[in-house]
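Trainee: Residue numbers (our numbering): 460 to 688.
All C-beta atoms in this analysis are idealised placements derived from N, C-alpha and C, irrespective of residue type, glycine included.
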């Protein structure tokens with residue numbers, strides 16, 4: 460019998476917390492029904508890296524960060540974990556680069572990683588004020604765990620990380636900047652994990668986004684290798 464998970468999943472796209480209701484995380488049968496400079500992927504490459512380890516529910520996520528990054532926000536609830544990292548000289552409200560790691564407890568058997576990313580993209584599209592970018596990428600198991608990866612972006616996306624900044628900056632940040640990121644969904648033993656890195660800057664065109672299949676490995680080099688144990 461089909462069952463819906465009685466919980467709210469937070470899908471973070473770098474624009475704020477987008478609420479996905481329990482209907483999003485259902486079994487596979489149901490799933491069918493402000494910094495205004497250009498995103499510079501080359502500048503993301505760090506001189507040094509700092510190893511990171513997060514214990515999220517039943518498993519441990521290992522990844523790297525550029526040495527000059529900081530934890531900007533973290534939150535843990537009974538069924539959800541989220542940690543957001545930005546460069547040390549930036550704040551969550553006006554980020555131009557971000558890494559986010561999330562965990563969703565007990566949903567691994569209810570939704571496949573690929574379906575999860577497609578659902579995220581659909582919700583992302585609802586907030587996009589420009590043209591949507593979505594490109595599925597080849598996926599490989601991560602420490603034996605099934606994964607799905609994709610590039611998701613918007614040529615003009617409002618920023619809803621707008622708490623405690625003055626009205627002028629809020630207006631500028633909310634005017635809509637180009638935003639794009641690489642997303643990896645991992646099906647853990649019982650939980651689902653999401654790791655993504657995003658950049659935000661001047662608007663770009665759908666035909667020529669700053670992140671694409673040809674350069675995503677370079678883009679991710681500052682946070683890889685990843686592992687789930």
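Go through its chain and collect everything with a Cβ distance to residue 686's Cβ below 6 Å, but skip five positions before and after it.
Mentor: These residues qualify, in order along the chain: 521 and 602.
Trainee: Can you list, in chain order, the residues of its chain whose CB lies under 8 Å from that of residue 625, leaving out five sequence neighbours each side?
Mentor: Low confidence applies here, because residue 625 scores a pLDDT of 49, under 50, leaving its location unreliable and the question unanswered by this model.
Trainee: What is the DSSP secondary structure of residue 686, reduced to helix, strand or coil?
Mentor: Three-state result, residue 686: strand.
Trainee: With a Cβ-Cβ cutoff of 7 Å, do residue 562 and residue 675 count as a contact?
Mentor: Not in contact: residue 562 and residue 675 (Cβ atoms no closer than 7 Å).
Trainee: Would you give the residue range spanned by the beta strand (DSSP E) that residue 595 belongs to?
Mentor: Per DSSP, residue 595 belongs to the beta strand (DSSP E) from 591 to 596.
Trainee: Between the beta-carbon of residue 606 and the beta-carbon of residue 662, is there less than 7 Å?
Mentor: No.
Trainee: Excluding the five sequence neighbours on either side, which residues of its own chain have a C-beta within less than 7 Å of the C-beta of residue 547, listed in chain order?
Mentor: Correct list, in chain order: 527, 528 and 529.
Trainee: Suppose the cutoff is 7 Å on Cβ atoms and the five residues either side in sequence are ignored; what does the same chain contact list for residue 502 look like?
Mentor: Model confidence at residue 502 stands at a pLDDT of 46, short of 50, so the residue's coordinates are unreliable; what they give is reported in the following sentence. So the list is empty, once near-sequence residues are dropped.
Trainee: Residue 679 lies in the alpha helix (DSSP H); which residues open and close that run?
Mentor: That run of the alpha helix (DSSP H) goes 675 to 679.
Trainee: By the three-class DSSP mapping on this structure, what secondary structure does residue 689 have?
Mentor: Because the chain spans 460 through 688 in this model, residue 689 falls outside it and cannot be assessed.
Trainee: Given this structure, state the Cα-to-Cα distance separating residue 589 from residue 608, to the nearest angstrom.
Mentor: Approximately 22 Å between the Cα atoms of the pair.
Trainee: What number of angstroms, rounded off, separates the C-alpha of residue 568 from the C-alpha of residue 649?
Mentor: Whole-angstrom Cα-Cα distance: 7 Å.
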